[in-house]
Amino acid sequence: DVVMTQTPVSLSVSLGGQVSISCRSSQSLVHNNGNTYLSWYLQKPGQSPQLLIYKVSNRFSGISDRFSGSGSGTDFTLKISRVEPDDLGVYYCGQGTQYPYTFGAGTKLELK
Amino acid sequence: QVQLQQSGTELVKPASSVKISCKASGYTFTSNYMHWIRQQPGNGLEWIGWIYPGNGNTKYNQKFDGKATLTADKSSSTAYMQLSSLTSEDSAVYFCASGYNSGYFDYWGQGVMVTVSS
Chain A
1 DVVMTQTPVS
11 LSVSLGGQVS
21 ISCRSSQSLV
31 HNNGNTYLSW
41 YLQKPGQSPQ
51 LLIYKVSNRF
61 SGISDRFSGS
71 GSGTDFTLKI
81 SRVEPDDLGV
91 YYCGQGTQYP
101 YTFGAGTKLE
111 LK
Chain B
1001 QVQLQQSGTE
1011 LVKPASSVKI
1021 SCKASGYTFT
1031 SNYMHWIRQQ
1041 PGNGLEWIGW
1051 IYPGNGNTKY
1061 NQKFDGKATL
1071 TADKSSSTAY
1081 MQLSSLTSED
1091 SAVYFCASGY
1101 NSGYFDYWGQ
1111 GVMVTVSS
């Protein structure tokens, strides 16, 4: 299975600040069709996860441009700028290139 | 708007089975994948498998072969997951999630908590 390693495990941020979350995969996430199926999800407390970013850098419908994704191959980053209270929760990266699909263990974003 | 409405909390006995549902609305049910994902208490996310309601094709995480069975009813736009031979290890929240593409999960249901206990 592809192992997804997220760092850090937790992150403290001040409102209005900027943070980066890293996600590394144990194998390349480039699919045979040329796409890279790396996505980012936010699970707010007591809620279901929601899709933020798909295929590395594409923001999902309705997602603020304060969220941006980048990376290639095995190394990916989610950046959140001008952090707002509604951004707090656990962030997961996930890969949909190789079966079985797998997720990182999560990064908890908290207020400083 | 897209909605995935899952069935309610389940308390089931060890060795039994349970079938949970996920009713979709707001999009073409037969043209999107429906994934199922498990979240054990305090843990991260684990992909169980997908079904493509348009043709009934399925793909499972080998870990859940024999444990989970995915079906879909096109007439009611509802996807189902049956879990069998339940043990305490199966106690978790189970999410359905739709995806236009098989590689990511666009919209999620609210989750169903399954507790396996005698």
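Chains as they are written, first to last, in my numbering: chain A, 1 to 112; chain B, 1001 to 1118.
Backbone N, C-alpha and C define an ideal beta-carbon position, used for all residues, glycine too.
query	result
In the region 37 to 83 of chain A, which residue ranges form an unbroken beta strand (DSSP E) of at least 3 residues, counting only runs that do not cross its ends?	38 to 43, 49 to 54, 67 to 72 and 75 to 80
Mark G1042 (chain B) as exposed unless 16 or more other C-beta atoms lie within 10 angstroms of its C-beta, in which case mark it buried.	exposed
Determine the extent of the beta strand (DSSP E) in which Q1039 (chain B) is found, giving its start and end residues.	Y1033 to Q1039
Where T102 (chain A) and V2 (chain A) are concerned, what is the direct C-alpha to C-alpha distance, given to the nearest angstrom?	7 Å
Taking the alpha-carbon positions, what's the L1045 (chain B) to W1036 (chain B) distance?	10 Å
Can you name the residues that DSSP bridges to F1095 (chain B)?	B:I1037
What first and last residue would you give for the beta strand (DSSP E) that runs through V1112 (chain B)?	V1112 to V1116
For chain A, check one thing: does any of its Cβ atoms lie closer than 8 Å to the Cβ of L1133 (chain B)?	Past the boundaries of the shown model lies residue 1133 (chain B); chain B is included only from 1001 to 1118, so the question cannot be answered.
Just to confirm my understanding: we take S14 (chain A), look at its own chain, exclude 5 residues before and 5 after, and list those with CB closer than 6 Å. What are they?	K112
Residues of chain B with CB closer than 7 Å to the CB of T107 (chain A), please, in chain order.	Chain B residues near T107 (chain A): none, gap ~11 Å exceeds 7 Å.
Could you give the distance in angstroms between the alpha-carbon of R59 (chain A) and the alpha-carbon of S39 (chain A)?	10 Å
Can you list the residues of chain B that S48 (chain A) reaches, using a CB-CB cut of under 7 Å?	F1095, W1108, G1109, Q1110 and G1111
Hey, quick one: how far does the beta strand (DSSP E) through D1073 (chain B) stretch, first residue to last?	A1068 to D1073
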